[in-house]
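> A single structure is presented below for examination.
There are 2 protein chains.
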Amino acid sequence: MLARKQAEAADARRETEPAPGTPRLIRVLIADDHPLVRRGLAAIINMEEDASVVGEAGDGEEAVALWRRLRPDVTLMDLRMPKLEGVQAIRQIRAEDPGAGIIVLTTFDHDEDIYAGLRAGAKAYLLKDVQPEELFRCIRAVHAGEAYLQPRVAAKLAQRMHEETLTEREVQILRLLAEGKSNRAIGQALFITESTVKSHLKSLFVKLDVTSRAEAIALAAKRGLVKF
Amino acid sequence: MLARKQAEAADARRETEPAPGTPRLIRVLIADDHPLVRRGLAAIINMEEDASVVGEAGDGEEAVALWRRLRPDVTLMDLRMPKLEGVQAIRQIRAEDPGAGIIVLTTFDHDEDIYAGLRAGAKAYLLKDVQPEELFRCIRAVHAGEAYLQPRVAAKLAQRMHEETLTEREVQILRLLAEGKSNRAIGQALFITESTVKSHLKSLFVKLDVTSRAEAIALAAKRGLVKF
DNA sequence: ACGGATCTCCCTCGAAAGGGGGAGGCACGC
DNA sequence: GCGTGCCTCCCCCTTTCGAGGGAGATCCGT
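So, in structure tokens, the structure goes:
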């Protein structure tokens, strides 16, 4: 698998390429919707002796397209991006190469995001408050085929295991709830009766351990189940 | 005022200082709680010929302290930071030098944040999705004593003008509401009766143009009036 | 001294929301 | 084929909300 990746990489060398002479650089692709962050990350990664940024993507679609062309060793992927969410982009990439080394690099420490990111196939999940040194360590680890988790992230993930998982329907209802809709409006939106909505809400409240819809919204926001 | 700033800057040259020979560099201080972002920003700013990052702060307190020591020409300030919020840090700095050039650089485009940042005395408000070129332009503008607003930010600000402003009490109640508290609980928290809470809620609903507490929470979250 | 804004508290009343139960249908896995 | 989980809908009942009024107190700027 490694041999194959190297071979494909050889003819795909295009894009930003600051140090061509040096042998065996870790080829990094950056996907982040903030140009400032992309350029900043690229700058500090390129300062490292063993890594080189070969491409930058500003949204999920671009990330997948660039990954196909460049076949980077490591992809740094933000989650919240236009056009295609990071999680979806990861799925598409992993569908083509299950061994692809992808690092989620984001500000969100919601357990839901972490879980979704890793489930999609990311090898590592880093919060943007990491020290640069830790990022470099992570890049090298993923390049070597290893997984990498920050303690904080691992703790969040473990915590999620102990939490009740909501059904698809419950999440739908929770989202509509968070938009401020009434039970009746939720029912109309989902083509079910108000009774059914209440029924779902009941189990929802039990699972989230709350007693009011307002509490439910607050908790859902904290966990990243709904986005504003 | 400019002359004074230059004079003070002369003896304060310490910290990170990559290009000392070149004359009249714009001396930039970065305050952001993400080391990765700090280093990234510093890297690309230092690539510019006329600017140089002289210091990096990881929280609000550090930002104020470093600003005192370094007296930079321009300060890039994130809003959400540990220990001391960006807005507070801006206030403290402006209290010492009303002419201080401060640029808010953040991901939040909530009108409330924008308003608070500029009211505190920032000369510019940039969203992190700006192109690096625009950031450089902004730094130069602020260094020249000018204000700088992105069209998107200006639009948000204009929009806010047409919105009803909430009273202090109403904001307090809105925050407790967003935590999922009942009217009674809110009353107990604020040492007022439930009737009074309802009374405030009435005007709150009218101002926000909503009909339920859930809607109010959703809207407040969108506007940045409450943080999760 | 005045209006205006804000905060405080009170009333009623109908409409939602929440708590307690039960129950049928349906798909999925063991 | 039988349980299990999920979705659907129903009942009753109590509590809370939200809408409609009104009203006194304070502070502040003019």
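Which chain is which? The protein sequence lines are B and W, in order.
Position 119 (the first sequence) corresponds to 138 in our numbering; numbering is contiguous.
Position 194 (the second sequence) corresponds to 213 in our numbering; numbering is contiguous.
We treat Cβ as the ideally placed atom computed from N, Cα and C, and that holds for glycine.
(1) Measuring alpha carbon to alpha carbon, tell me which of W:H53, W:I109, W:V190, W:F210 ends up nearest W:A141.
(2) Looking at the strands, I want to know which residues DSSP matches up with B:Y144.
(3) Sort W:L209, W:I205, W:G206, W:A197 by Cα distance to W:E234 and report the nearest one.
(4) Does the stretch 94-108 of chain W come within contact of the stretch 45-55 of chain W, defined as at least 3 CB pairs closer than 8 Å?
(5) Alpha carbon to alpha carbon, what distance is there between B:A82 and W:G120?
(6) State the DSSP-derived secondary structure class of B:T212, mapped to helix, strand or coil.
(7) Is B:G243 closer than 9 Å to B:H129 when the C-beta atoms are compared?
(8) Alpha carbon to alpha carbon, how far is W:L207 from W:D228?
(9) Which residues bound the alpha helix (DSSP H) around B:R46?
(10) In or out: W:P54 buried (at least 16 other Cβ within 10 Å) or exposed?
(11) Check distances from the C-beta atoms of the stretch 196-210 of chain B to those of chain W and list, in chain order, the residues that come in under 9 Å.
(12) Taking the C-alpha atoms as reference points, what is the distance between W:F247 and B:R43?
(13) Quick one: residues in its chain with C-beta nearer than 6 Å to the C-beta of W:T41, no 5 flanking neighbours on either side, listed in chain order?
(14) Select from B:K221, B:D52, B:K226 the residue whose C-alpha is nearest the C-alpha of W:T126.
(15) State yes or no: is the beta carbon of B:V73 nearer than 9 Å to at least one beta carbon in chain W?
(16) Is there a C-beta anywhere in chain B that falls below 9 Å from the one on W:A237?
(17) Using the three-state DSSP reduction, which class does W:V190 fall into: helix, strand or coil?
(18) Which residues bound the beta strand (DSSP E) around B:A163?
(19) For W:A240, decide whether its Cβ has a neighbour in chain B, counting only Cβ atoms nearer than 9 Å.
(20) So B:L103 packs on B:L124, CB below 8 Å; how close in whole Å?
(21) Output the distance between the C-alpha atoms of B:L168 and B:I64, rounded to the nearest integer angstrom.
(22) As a quick exercise: from B:T212, B:I158, B:R188, B:E187, pick the residue whose alpha carbon is nearest that of B:D69.
(23) With C-beta atoms as the reference, is W:R113 less than 9 Å away from W:G105?
(24) What whole-angstrom Cβ distance do B:R188 and B:H162 have, given they're in contact under 8 Å?
(25) Relative to the C-alpha of B:A177, which residue among B:D148, B:R87, B:I192, B:E131 is closest?
(26) Comparing the C-beta of W:F247 with each C-beta of chain B, is any distance below 9 Å?
(27) Where does W:T41 fall in DSSP's three states?
(28) Between the C-alpha atoms of B:W86 and W:Q150, what's the straight-line distance to the nearest angstrom?
(29) When we look at the beta-carbon of B:S214 and count the other beta-carbons within 10 Å, is it buried (16 or more) or exposed?
(30) Could you confirm whether any beta carbon from chain B is found closer than 9 Å to the beta carbon of W:Q150?
(31) W:A76 bridges to which residues according to DSSP?
(32) Under 6 Å Cβ to Cβ from W:E27, same chain only, skipping five residues before and after it: list those, please.
(33) Where do the N-terminal and C-terminal ends of the alpha helix (DSSP H) with W:L95 fall, by residue?
(34) Using a cut-off of 9 Å between C-beta atoms, extract the partners of B:I122 located in chain W.
(35) Return the residue from the list B:L185, B:A166, B:T184, B:I205 that minimises the CA-CA distance to B:L137.
So, from the data block:
(1) The sequence position of residue 141 of chain W within the second sequence is 122, counting from 1. In this structure, W:I109 is the residue among W:H53, W:I109, W:V190, W:F210 with its C-alpha nearest to the C-alpha of W:A141.
(2) In the first sequence, residue 144 of chain B corresponds to position 125, counting from 1. B:V123, B:L168, per the DSSP bridge assignment.
(3) Here residue 234 of chain W corresponds to residue number 215 of the second sequence, with the count starting at 1. Per the Cα distances, W:A197.
(4) Result yes; three or more Cβ-Cβ pairs closer than 8 Å.
(5) On the second sequence, position 101 is the one that residue 120 of chain W refers to. On the first sequence, position 63 is the one that residue 82 of chain B refers to. Between W:G120 and B:A82, the C-alpha separation is close to 37 Å.
(6) Within the first sequence, residue 212 of chain B is the residue found at index 193, counting from 1. The answer is coil: DSSP assigns B:T212 none of H, G, I, E or B.
(7) Here residue 129 of chain B corresponds to residue number 110 of the first sequence, with the count starting at 1. Here residue 243 of chain B corresponds to residue number 224 of the first sequence, with the count starting at 1. Yes, these two residues count as a Cβ contact at 9 Å.
(8) As a first step, residue 207 of chain W is located in the second sequence; it is residue number 188 there, counting from the start. As a first step, residue 228 of chain W is located in the second sequence; it is residue number 209 there, counting from the start. In the sequence on display, residue 207 of chain W carries Gln and not Leu. Between the alpha carbons of W:Q207 and W:D228 lies a gap of roughly 26 Å.
(9) Position 27 of the first sequence, counted from the start, is the residue given in the question as residue 46 of chain B. From DSSP, B:R46 is part of no alpha helix (DSSP H) but of the beta strand (DSSP E) over 45-50.
(10) Walking along the second sequence from the start, residue 54 of chain W turns up at place 35. Its Cβ being crowded by 16 or more others within 10 Å, W:P54 is buried.
(11) Residues L196, A197, E198, G199, K200, S201.
(12) If you number the second sequence from 1, residue 247 of chain W lands on position 228. If you number the first sequence from 1, residue 43 of chain B lands on position 24. W:F247 and B:R43 have their C-alpha atoms some 44 Å from each other.
(13) For this step, residue 41 of chain W is matched to residue 22 along the second sequence. Confidence in W:T41 is poor, its pLDDT being 49 and thus under 50, which makes the residue's placement too unreliable to answer from.
(14) By one-based count along the second sequence, residue 126 of chain W stands at place 107. Selected option, being the one with the closest Cα: B:D52.
(15) Counting from one through the first sequence, the residue named residue 73 of chain B turns up at place 54. No, B:V73 lies away from the interface with chain W (no Cβ there is under 9 Å from its Cβ).
(16) Here the question's residue 237 of chain W lines up with position 218 in the second sequence. Chain B places a beta carbon closer than 9 Å to that of W:A237, counting this residue as a contact.
(17) One-based indexing of the second sequence puts residue 190 of chain W at position 171. The three-state reading of DSSP puts W:V190 in helix, counting H, G and I together.
(18) Walking along the first sequence from the start, residue 163 of chain B turns up at place 144. Boundaries for B:A163: no beta strand (DSSP E) harbours it, and the DSSP string shows neither H nor E there.
(19) The count along the second sequence starts at 1 and reaches residue 240 of chain W at position 221. Closer than 9 Å: yes.
(20) Here residue 103 of chain B refers to the residue found at position 84 of the first sequence. Here residue 124 of chain B refers to the residue found at position 105 of the first sequence. With a Cβ gap of about 16 Å, B:L103 and B:L124 do not count as contacting.
(21) Start at 1 with the first residue of the first sequence, and residue 168 of chain B comes out as number 149. Start at 1 with the first residue of the first sequence, and residue 64 of chain B comes out as number 45. In this structure, the straight-line span from the alpha carbon of B:L168 to that of B:I64 is close to 19 Å.
(22) Here the question's residue 69 of chain B lines up with position 50 in the first sequence. The residue among B:T212, B:I158, B:R188, B:E187 with its C-alpha nearest the C-alpha of B:D69 is B:I158.
(23) Walking along the second sequence from the start, residue 113 of chain W turns up at place 94. Walking along the second sequence from the start, residue 105 of chain W turns up at place 86. In this structure, W:G105 does not lie closer than 9 Å to W:R113 by Cβ.
(24) On the first sequence, position 169 is the one that residue 188 of chain B refers to. On the first sequence, position 143 is the one that residue 162 of chain B refers to. Not quite, the Cβ-Cβ distance comes to about 41 Å (not below 8 Å), so this is no contact.
(25) Residue numbering aside, residue 177 of chain B sits at position 158 when the first sequence is read from its first letter. Per the Cα distances, B:E131.
(26) Sequence index remark: in the second sequence, residue 247 of chain W carries index 228 (1-based). It does; some Cβ of chain B falls within 9 Å.
(27) In the second sequence, the residue the question calls residue 41 of chain W occupies position 22. Low confidence applies here, because W:T41 scores a pLDDT of 49, under 50, leaving its location unreliable; read the following figure in that light. The three-state reading of DSSP puts W:T41 in coil, since its state is none of H, G, I, E or B.
(28) Along the first sequence, read from residue 1 onward, the residue named residue 86 of chain B stands at position 67. Along the second sequence, read from residue 1 onward, the residue named residue 150 of chain W stands at position 131. Separation of B:W86 and W:Q150 (C-alpha to C-alpha, rounded to the nearest whole angstrom) is 23 Å.
(29) In the first sequence, counting from the first residue as 1, residue 214 of chain B sits at position 195. So B:S214 ends up on the exposed side.
(30) Position 131 of the second sequence holds residue 150 of chain W. With 9 Å as the cut-off, W:Q150 counts as an interface residue toward chain B.
(31) Position 57 of the second sequence, counting from 1, holds the residue named residue 76 of chain W. W:A76 pairs with W:A50.
(32) Residue numbering aside, residue 27 of chain W sits at position 8 when the second sequence is read from its first letter. With a pLDDT of 36 at W:E27, under the threshold of 50, the modelled position of this residue cannot be trusted; read the value that follows with caution. Cβ within range, chain order: R90.
(33) For this step, residue 95 of chain W is matched to residue 76 along the second sequence. No alpha helix (DSSP H) holds W:L95; the beta strand (DSSP E) holding it covers 93-96.
(34) Taking the first residue of the first sequence as 1, we reach residue 122 of chain B at position 103. When 9 Å is used as the limit between beta carbons, B:I122 is near no residue of chain W, the shortest such separation being about 12 Å.
(35) Here residue 137 of chain B refers to the residue found at position 118 of the first sequence. Out of B:L185, B:A166, B:T184, B:I205, the CA that lies nearest to the CA of B:L137 is found in B:A166.
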